[in-house]
Every structure is written in C-alpha cells, then in structure tokens.
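*Asks:* With this note's numbering applied, the sequence shown covers 736 to 864.
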Amino acid sequence: MDTNFSRLSKTVIALGAIAVGLAACASSPVADEKIAVAKASVQRAEQAGAPQAAPVELAAARDKLARAEKANEKHDLQPANALAEQANIDAQVAEASAQQQRSRKAADEFDASMAALRQESNRSSPPAQ
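#1: Would you kindly work out how many angstroms separate the C-alpha atoms of A801 and Q834, rounded to a whole number?
#2: Can you name, in chain order, every residue of its own chain whose Cβ lies under 6 Å from the Cβ of G784, other than the five neighbours on each side?
#3: For a cutoff of 8 Å on Cβ pairs, would you count N857 as touching chain B?
#4: Of the choices A806, E792, M849 and D843, whose alpha-carbon is the least far from that of Q827?
#5: Counting C-beta neighbours from all protein chains within 10 Å, is the total for E844 16 or more, i.e. buried, or is it exposed?
#6: Excluding the five sequence neighbours on either side, which residues of its own chain have a C-beta within less than 7 Å of the C-beta of D825, listed in chain order?
#7: Let me make sure I understand the geometry here. Which of Q836, I770, A789 and K774 has the alpha-carbon closest to that of E808?
#8: Give every residue of the same chain whose Cβ lies closer than 6 Å to the Cβ of N816, excluding the five residues on either side of it in the sequence, and list them in chain order.
#9: Please name the residue, chosen from V772, I748 and P764, that lies closest to A819 on a Cα-to-Cα basis.
#10: Note down, in chain order, each residue of its chain lying with its Cβ closer than 6 Å to the Cβ of Q836, except the 5 sequence neighbours on either side.
#11: In the DSSP assignment, the alpha helix (DSSP H) including K809 goes from what residue to what residue?
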C-alpha cells in the first residue's frame, strides 16, 4: 500500500512538472492575438497603397511587428504585446495616410474636370447681348 501511494505521488508530481513546463513553453494567446491583429493591419495598409503613400509609417509597422514576433518567440510577453500594439497603430496610420492621399487625388481630379467643363461651357456659349 505504501509503495502504491509513493508511485502515485511521484506520478502526480511528474505530471505537475510536465504541465508547468508546457505552460512555460507555450506562447501567450494574448500576444499571439495582438500579433495577428497587427499582421492584418499591415496587410490592409499594403493593399491600401501605403508602400507608396506612407512608406515610413509602413516600415515602422513592419519593423515593430517583426520585433514583436521575436519577443513572443523568446516568451518576452510584455514587449511582444507592446510592440504588436504599436505595429497595429503604425499600420493604421499608414493605411489612413494612403486613403487620405487617394481621396485628395480624387478631389483634385474632380476639381480639374469641373474646371475643364466650365471652360468648355464658356467657350461654346454665345456671348450675352
């Protein structure tokens, strides 16, 4: 009976040590989630034209995302979380800058076409008498 109890306690201790070891090796789901959100933001910014419109902001987002991934691999969870959040914000700024530039270009093109229409209208209308 005493040997069975001894074996059981050793098994429980071994399983507990394995569980603690696995928990220590697992990456943080919070950091993983924040990194995934930052990746999605970087992709949206790239698709929105940020490489041309906001290259500095996009480069900062990519750099911080890479650093967040490295920190997460090393299980440095606080820096991983912070860098992922910063990468997300930088990517959103890059995306917004790209959208603003596209909107400004569309407005300029609209203004130019309106000016051309006014000019054409003035040329083709007979002089007032």
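Beta carbons are placed, not taken as given, at the ideal position from N, Cα and C, and that holds for glycine.
The structure presented is a predicted model; accordingly, all values stated were derived computationally and were not measured.
*Replies:* From the atom records:
#1: 24 Å
#2: A833
#3: In the structure shown, chain B does not exist; there is a single protein chain.
#4: E792
#5: Result: exposed.
#6: E792, A795, A796 and K799
#7: I770
#8: A766 and K769
#9: V772
#10: A788
#11: Element bounds for K809: n/a, residue is neither H nor E.
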